[in-house]
Amino acid sequence: MSMYRVMLIDDEPLLLQSLKETFPWSEYYCEVTATASNGREALHAFEEAAPDIVVTDIKMPDMDGISFLKEVLQQRSVDEIIVLSGYDDFKFVRDALKYKAFHYLLKPLDRAELGETLLQAAASLEEKRKTNKRFWKEELIQAATQHKQEVTLPFSSFSLFYLTVKEGKDISWKEKSDTSGICFSYPLGPGTVLLICAGDGVPFLEEELSKYENALKKGAWSSPASPSQLAEALDEVYMYAASAEYMDETIITPASYSAFQEIEPVSLQAVRQAKTWIDHHLSEPLRSEETARHVGLSPSYFSTVFKQTMHISFSDYVKQRRMEKAEQLLRETNKPAYEIALLVGYEDQRYFSQIFRRHFHMTPSAYRREHQST
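Each residue of the sequence shown is one higher than the one before, counting from 1 in UniProt numbering.
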């Protein structure tokens with residue numbers, strides 16, 4: 001069971017000190033991370049302390065326990081609340097329950113009763129944590145495999161890892177999670193596994209990857225911006241992993257997570273492929289849609305990642321590469337301008353000359369004279 005953070009609030013200094021220092025908190029899966037002598041002081045310390053359990057007195061100067069609960073619950077959430085009071089009065093009980101008190105304990109405090117109450121609170125928190133983990137996992141799986149669009153999760157980063165396992169090898173990934181992230185495996189078919197990570201779940205991979213270094217064959221990964229993009233990211237890594245070029249490569253033999261980080265994300269791999277495709281087809285009409293199909297991405301997503309990676313649009317990049325190729329041919333060959341125009345994708349020589357002059361501030365013939373004579 002996890003250890004849970006406790007905030008103690010009481011205006012009796014001796015009781016507060018005694019509870020903090022002599023009560024066996026760890027036996028009840030708790031640790032005191034903050035104390036306060038009244039509600040106002042507790043309110044100021046609450047955000048930094050981020051307690052899972054609040055143990056508070058009711059009658060205190062400046063701000064009493066009920067006012068503290070009312071104030072803090074309007075702005076933040078508290079998982080479990082235990083109220084202490086020397087007053088066996090229904091009004092106090094009713095007010096405490098109104099503000100979600102988990103238990104109402106009378107002073108003088110019975111430590112055995114407090115311990116039992118803390119165990120119940122810890123068990124309740126543990127169940128909530130497990131429920132949340134199951135919820136996160138189900139949401140992530142549905143987002144990746146069923147194109148679920150409306151997904152609300154407390155994470156700002158997501159990663160998909162598509163891994164191929166060597167023939168005859170078997171791996172069993174251990175699910176990892178805490179309040180900051182989650183990482184788990186999802187089988188896609190014989191010899192393939194999908195790892196889905198959210199939040200700070202990615203570092204959980206280090207230990208597991210090192211265990212299965214000899215079993216892993218290849219891998220591709222993508223890091224979508226939101227859970228609603230997980231399905232598209234999964235399509236991308238699947239298509240890329242299935243491509244002939246990918247299957248001929250040995251991409252992953254990680255000895256550690258740091259080695260695994262060196263694998264290019266799918267978007268970068270796609271842009272690299274696109275650049276090679278462009279260079280091999282400069283003499284032909286080049287369209288973003290056709291190039292996107294070649295690298296296995298949707299046209300809209302390809303245009304986005306290409307511009308994000310290259311800091312230039314696809315059409316401007318193609319024009320730039322055509323001009324660079326034309327410049328090279330003018331310097332290194334004696335081919336006539338009309339032939340060079342055709343070789344870099346321009347059927348109209350006059351249009352080619354206009355684009356060249358706009359780019360280099362001189363005509364192709366002037367460029368050749370200047371650079372072939374040097």
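Each residue gets a CB set at the ideal place from its N, CA and C atoms; glycine is no exception.
{"Item": "For the pair the segment 37 to 45 and the segment 67 to 76, tell me if three or more CB-CB distances fall below 8 angstroms.", "Value": "yes"}
{"Item": "Here's the rule I'm using: 16 or more other beta-carbon atoms within 10 Å means buried, otherwise exposed. How should Asp279 be labelled?", "Value": "exposed"}
{"Item": "Could you tell me whether the Cβ atoms of Met310 and Tyr301 are closer together than 7 angstroms?", "Value": "no"}
{"Item": "Let me know the alpha helix (DSSP H) ranges lying completely inside the UniProt domain \"HTH araC/xylS-type\" (272 to 370), each 4 residues or longer, listed in chain order.", "Value": "288 to 295, 299 to 310, 314 to 332, 337 to 343 and 349 to 360"}
{"Item": "Taking the DSSP output, what are the residues bridged to Gly199?", "Value": "Gly181"}
{"Item": "Where do the ends of the beta strand (DSSP E) carrying Glu48 lie?", "Value": "Looking at the DSSP string, Glu48 is not in any beta strand (DSSP E); the run it does join, the alpha helix (DSSP H), is Gly39 to Ala49."}
{"Item": "Skipping 5 residues on each side, what residues in its chain have a beta carbon closer than 6 angstroms to that of Cys197?", "Value": "Ser159 and Cys183"}
{"Item": "If I follow the unbroken alpha helix (DSSP H) through Leu105, where does it start and stop?", "Value": "Counting along the chain, Leu105 falls outside any alpha helix (DSSP H), though it belongs to the beta strand (DSSP E) covering His103 to Leu106."}
{"Item": "Could you tell me the distance, in whole angstroms, from the CA atom of Leu84 to the CA atom of Ser185?", "Value": "45 angstroms"}
{"Item": "Residues in its own chain within less than 6 angstroms of Asp33 by CB, not counting five upstream and five downstream?", "Value": "Going by the sequence as given, residue 33 is Thr instead of Asp. Contacts found: Arg5 and Ala49."}
{"Item": "Answer yes or no: do Val344 and Leu282 have a C-beta to C-beta separation smaller than 7 angstroms?", "Value": "yes"}
{"Item": "Within 10 angstroms of its Cβ, does Asp348 collect 16 or more other Cβ (buried), or is it exposed?", "Value": "exposed"}
{"Item": "Excluding sequence positions up to five away, which residues of its chain have a Cβ less than 6 angstroms from the Cβ of Glu262?", "Value": "Only weak support is given to the placement of Glu262: the predicted model assigns it a pLDDT of 41, under 50, and the value that follows is read from those uncertain coordinates. None."}
{"Item": "Applying the 10 Å Cβ sphere with the 16-neighbour rule, what's the burial state of Thr276?", "Value": "exposed"}
{"Item": "Assuming the contact rule is C-beta atoms closer than 8 angstroms, Ala36 and Ile9 should be a hit. Round their C-beta distance to whole Å, please.", "Value": "5 angstroms"}
{"Item": "Using a 10 Å radius around the Cβ and a threshold of 16 neighbouring Cβ atoms, would you call Leu19 buried or exposed?", "Value": "buried"}
{"Item": "Let's see if you can read the secondary structure: which residues bound the beta strand (DSSP E) around Ser85?", "Value": "Glu80 to Ser85"}
{"Item": "Could you pull the start and end residues of the alpha helix (DSSP H) that Leu16 belongs to?", "Value": "Pro13 to Thr22"}
{"Item": "Between Glu249 and the rest of its own chain, which residues show a CB-CB distance below 6 angstroms, the 5 nearest in sequence each way excluded?", "Value": "Here Glu249 scores only 39 on pLDDT, less than 50, and its place in the model is too uncertain to base an answer on."}
{"Item": "Please say whether Phe161 and Leu140 have beta carbons closer to each other than 7 angstroms?", "Value": "no"}
{"Item": "In chain order, what residues of the same chain have a beta carbon less than 7 angstroms from the beta carbon of Ala274, not counting five sequence neighbours either side?", "Value": "Thr291, Val295 and Phe306"}
{"Item": "Can you pull the DSSP bridge partners for Asp57?", "Value": "Leu84"}
{"Item": "Opposite Glu31 in the DSSP bridges: which residues?", "Value": "Arg5"}
{"Item": "Whole angstroms is fine: what's the gap from Leu329's alpha carbon to Thr192's?", "Value": "47 angstroms"}
{"Item": "Rounded to whole angstroms, what is the Cα-Cα separation between Glu245 and Ile81?", "Value": "Any answer about Glu245 is weak, because its pLDDT of 44 lies below 50 and its placement is not dependable; what the coordinates show is given next. Glu245 and Ile81: Cα-Cα distance of roughly 58 angstroms."}
{"Item": "Which residue's Cα is closest to the Cα of Glu27: Glu289, His359, Glu47 and Glu116?", "Value": "Glu116"}
{"Item": "Are the Cβ atoms of Glu289 and Pro299 separated by less than 7 angstroms?", "Value": "yes"}
{"Item": "Does the Cβ of Pro336 have 16 or more other Cβ atoms within 10 Å, making it buried, or fewer, making it exposed?", "Value": "exposed"}
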